[in-house]
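Structure first, commentary second.
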Amino acid sequence: MEPEIVAYSPLRHRPRLAWPGGARVALWLCPNIEHYEFLPAFQRRRDPWPRSPHPDVLGYSMRDYGNRVGLWRLFEATDALGIRCTVSLSMAVLQHYPAIAEAMLKRDWELMSHGIYNTRYHWDFSREEERAAMQESRDIHRRVVGSEQAGWFSPAATNTLNTFDLLAEAGFDYTCDLYHDDQPTPLRTGTPRPDGLPLISVPYTMELNDVIVSRRGEEIGDFCRAIRDHFDTVYAEGGEQGRVMCVAVHPFWVGQPGRIRQFREVMAYILGHPGVWCTTAQEIAASYRRDHLPAVQAHLAAREAQLG
Numbered sequence: 221m222e223p224e225i226v227a228y229s230p231l232r233h234r235p236r237l238a239w240p241g242g243a244r245v246a247l248w249l250c251p252n253i254e255h256y257e258f259l260p261a262f263q264r265r266r267d268p269w270p271r272s273p274h275p276d277v278l279g280y281s282m283r284d285y286g287n288r289v290g291l292w293r294l295f296e297a298t299d300a301l302g303i304r305c306t307v308s309l310s311m312a313v314l315q316h317y318p319a320i321a322e323a324m325l326k327r328d329w330e331l332m333s334h335g336i337y338n339t340r341y342h343w344d345f346s347r348e349e350e351r352a353a354m355q356e357s358r359d360i361h362r363r364v365v366g367s368e369q370a371g372w373f374s375p376a377a378t379n380t381l382n383t384f385d386l387l388a389e390a391g392f393d394y395t396c397d398l399y400h401d402d403q404p405t406p407l408r409t410g411t412p413r414p415d416g417l418p419l420i421s422v423p424y425t426m427e428l429n430d431v432i433v434s435r436r437g438e439e440i441g442d443f444c445r446a447i448r449d450h451f452d453t454v455y456a457e458g459g460e461q462g463r464v465m466c467v468a469v470h471p472f473w474v475g476q477p478g479r480i481r482q483f484r485e486v487m488a489y490i491l492g493h494p495g496v497w498c499t500t501a502q503e504i505a506a507s508y509r510r511d512h513l514p515a516v517q518a519h520l521a522a523r524e525a526q527l528g
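For what it's worth, this note's numbering labels the leading residue of the sequence shown as 221, then goes sequentially.
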């Protein structure tokens, strides 16, 4: 990772990270609840729908299944497991699907911004356009939830060179636009947050991400095996250095009848272990900033002084 944004420090050389209650692993489940425009309002670098000419009824309707059916299976599974999720949310969902908004708020799920629509990519956005999209997201969240939005993950992972500075300027607590570590890390931004504290990178995942798995031609058994193997590794390592484990799912894929059962079983396997803190991205960022940030900052400063 570019050292101007994230200072380099091998994980084993860092101050020991211990999660609340002595947990080895901070687990957060991230459903990507998205809205895709049937006819995208604008396109710049990439066509959201690969089947042309528009409309791409096949692509759109497959994703629409998630909001109509798959998500409700996921609600049942997470309710049964007692999991409070952090949603990577297309904020337009709150406007187009009030039943989904009601269901998420009833469960006290954290609503992390995933932009407004998942068909409006931020590549080639000007600084002003990207700032406006972040402000619109926060305004929607404030109206619906009644609080300030803490987290950001750019739509379709289309962040820009301005993203982190703008997030700090807007007062976001954390971002999930980086995939470089198994622990949170403080980011160096040209613009400070209003409270003077750094923007925190909370580990998201493209490895344990059902859509990425499906693009490789793998199925639910492969996905669940990867989840279990990943957990077994970080759980063993977490005895010495606390780890973050994110599992990212999309209701239109994991919420299919032939997939939800195996997914529920592997999550129950993880939760059956002691020392697993099942939490949200916002709580991970808050715990890290409160309990570990000063020691990490001192460690990084000492390393830089040593390197001259």
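Heads up, the beta-carbon is just placed ideally off N, CA and C, and yes, glycines get one too.
If the five residues before and after Pro414 are omitted, its C-beta is found closer than 7 Å to the C-beta atoms of Gly391, all from its own chain and listed in chain order. Just measuring C-alpha positions, the residue of His334, Leu278, Asp284 sitting nearest Cys250 is His334. Pro260 and Ile336 have their C-alpha atoms some 12 Å from each other. Taking a C-beta distance under 8 Å as the contact criterion, His470 and Asn252 qualify as a contact pair. In this structure, the alpha-carbon of Pro418 lies about 43 Å from that of Val277.
Taken in chain order, the whole beta strand (DSSP E) runs of length 3 or more contained in the stretch 322-355 are 330-333. Around the CB of Asp299, fewer than 16 other CB atoms lie within 10 Å, so the residue is classed as exposed.
Per DSSP, the continuous beta strand (DSSP E) segment holding Met465 begins and ends at 463-469. At least 8 Å separates the beta-carbon of Leu247 from that of Ile420. Taking one beta carbon from each stretch, the stretch 478-486 and the stretch 225-240 have fewer than 3 pairs nearer than 8 Å; the two do not touch.
For Ile225, the three-state secondary structure derived from DSSP is coil. Three or more Cβ pairs closer than 8 Å define a contact, and the stretch 282-292 falls short of that threshold against the stretch 355-367. With a cut-off of 8 Å on Cβ pairs, the stretch 234-246 is in contact with the stretch 445-461, counting three or more such pairs. Boundaries of the beta strand (DSSP E) around Leu309: 306-309. If you look at Ile253, you'll find it in the beta strand (DSSP E) that goes 245-253. DSSP links Ile420 through a beta bridge to Tyr394, Pro406. Look at Asn287 here: in three-state DSSP terms it is helix. Three or more Cβ pairs closer than 8 Å define a contact, and the stretch 359-373 meets that threshold against the stretch 305-312. Taking His316 as reference, the option from Leu398, Phe258, Thr425, Gly290 with the minimal CA-CA separation is Phe258. Distance from the Cα of Arg363 is smallest, within the candidate group Gln526, Trp292, Ala388, Met311, for Met311. Collapsing the DSSP output to three states places Trp292 in a helix. Counted as a single uninterrupted DSSP element, the stretch harbouring Trp239 is not any beta strand (DSSP E), since DSSP gives it neither H nor E. Taken through DSSP and simplified to helix, strand or coil, Gly441 comes out as helix. Under DSSP, Gly279 forms no beta bridge with any residue. By the CB criterion at 8 Å, Val422 and Val365 fall outside the cutoff. With at least 16 other beta carbons inside 10 angstroms of its own, Arg484 counts as buried.
Glu350 is positioned such that its CB atom lies closer than 8 Å to that of Thr383.
With 16 or more other CB atoms across the displayed protein chains lying within 10 angstroms of its CB, Gln403 is buried. Per DSSP, the beta bridge partners of Trp497 are Ala246. Beta-carbon to beta-carbon, Trp497 and Gly241 are separated by about 7 Å, close enough to satisfy the 8 Å threshold.
Taking the CA atoms as reference points, Ser507 sits about 15 Å from Gln461.
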